Amino acid sequence: MPDVTITAGDFDRLGRAAALAWGGARTALGVVALLDPPRVARPWIGDDADRVGALVFARALGGRDVALGVGTMVAAARGEPVRLWALTAAAADLGDVLITATHAKALPRGHRAFIATLAAGSALLGTAVALTERPTP
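Numbering (UniProt numbering), first residue to last: 1 to 137.
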């Protein structure tokens, strides 16, 4: 069996790749929310997604996700620390989970678990990216 050694540099590259992918996914979601807010809001809040208030709020969340995603990707691409970006984004995602759970009974039954799970997964991934980043010398 071949000897496979994973170096710290390999681990760092994997962490940067994860940060880039995660930031890219967040950015893509944010762009869709800005351009087509009902598409992002409907699975979360149902038929209310077409109301003006929901459109405004979905676009605002889209702007948040674009900013957090681009910030994460730029830092990762430059080899700069991503920890603060990742923890900030994870905190926003955790907020989404808690708010969704608080209002779960009023949300469409079929999708609330999907949205909460998606946000929780993103929060966990962001936390993992932040906690596994090695301090820069």
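Quick reminder that beta carbons are idealized off the backbone N, C-alpha and C, glycines included.
What you are looking at is a predicted structure, and each value in this text was computed from that prediction instead of being measured.
Per-residue burial, residue i [other beta carbons within 10 Å of its own, 16 or more giving buried]
i: D93; result: buried
i: I6; result: exposed
i: D65; result: buried
i: R39; result: exposed
Euclidean distance between Cα positions of residue i and residue j
i: A101; j: P43; result: 15 Å
i: A25; j: D50; result: 24 Å
i: G9; j: P108; result: 45 Å
i: K105; j: A120; result: 18 Å
i: I45; j: L124; result: 23 Å
Reduced DSSP category for residue i - H, G, I as helix; E, B as strand; rest coil
i: T132; result: helix
i: I115; result: helix
CB contact flag (residue i, residue j, <7 Å)
i: V129; j: A86; result: yes
i: G126; j: A76; result: no
i: A28; j: A41; result: no
i: V56; j: T72; result: no
Residue of the options minimising C-alpha distance to residue i
i: S122; options: R134, R109, G110 and G95; result: G95
i: P37; options: L14, G62 and G23; result: G62
i: V32; options: A54, R59 and G15; result: R59
i: T132; options: V4, P2 and A17; result: A17
i: A67; options: I99, G30, D47 and E80; result: G30
i: R134; options: R112, F114 and F11; result: F11
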